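Colleague:
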Amino acid sequence: MTFVVTEACIRCKYTDCVDVCPVDAFREGPNFLVIDPDDCIDCAVCVPECPVSAIYAEEDVPADQQDFTPLNAELARQWKPITRTKPPLPDAEEWSKVQHKRDQLER
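All residue numbers for the sequence shown refer to the numbering used here, where the first residue is 949 and numbers rise by one.
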């Protein structure tokens, strides 16, 4: 099992989750974070830190977000680790209210 970052993170990229991860499993893209399933130790400390509730245990990922499980694995191989909190994206608060934003994902 691993944890998965889902669509709610797109164009927000709050990094509160990064500071609490004991194994630096997060990877950073231009406007989205992912969790490397090979590094994640299933501790769940990141889940309550996400202000947009974008992180789920793999078995709890909602049905309409299932494609984010393989997407996290794919992008984790391409993106670099992020180990420190950064400010959210400038328009994160507005985007946090948007529900359908897959087309906004920058790779």
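Cβ atoms here follow ideal geometry from the backbone N, Cα and C, with glycine treated the same way.
Treat the numbers as computed from the prediction; the structure is a model and nothing was measured.
What are the uninterrupted segments assigned as alpha helix (DSSP H) that are 4 or more residues long and contained completely in the region 979-1046, given in chain order?
Modeller: For secondary structure counted as the alpha helix (DSSP H) over 4 or more consecutive residues, the region 979-1046 holds these complete runs in sequence order: 1016-1026, 1040-1043.
Colleague: Does DSSP put E976 in a helix, in a strand, or in coil?
Modeller: The sequence position of residue 976 within the sequence shown is 28, counting from 1. In the three-state reduction of the DSSP assignment, E976 falls in the strand class.
Colleague: In the DSSP output, what is V952 paired with across the bridge?
Modeller: The residue labelled residue 952 in the question sits at position 4 within the sequence shown. Paired residues: Y1004.
Colleague: Under a three-way DSSP split, which group does R1050 fall into?
Modeller: Here residue 1050 corresponds to residue number 102 of the sequence shown, with the count starting at 1. Reduced to three states, the DSSP call for R1050 is helix.
Colleague: Pick from C994, V982, D964: whose alpha carbon is nearest that of Q1026?
Modeller: For the purposes of this step, residue 1026 is taken as the residue at position 78 of the sequence shown. Comparing Cα positions, the closest option is V982.
Colleague: So T954 packs on D990, CB below 8 Å; how close in whole Å?
Modeller: Here the question's residue 954 lines up with position 6 in the sequence shown. Here the question's residue 990 lines up with position 42 in the sequence shown. 17 Å between Cβ atoms; not a contact.
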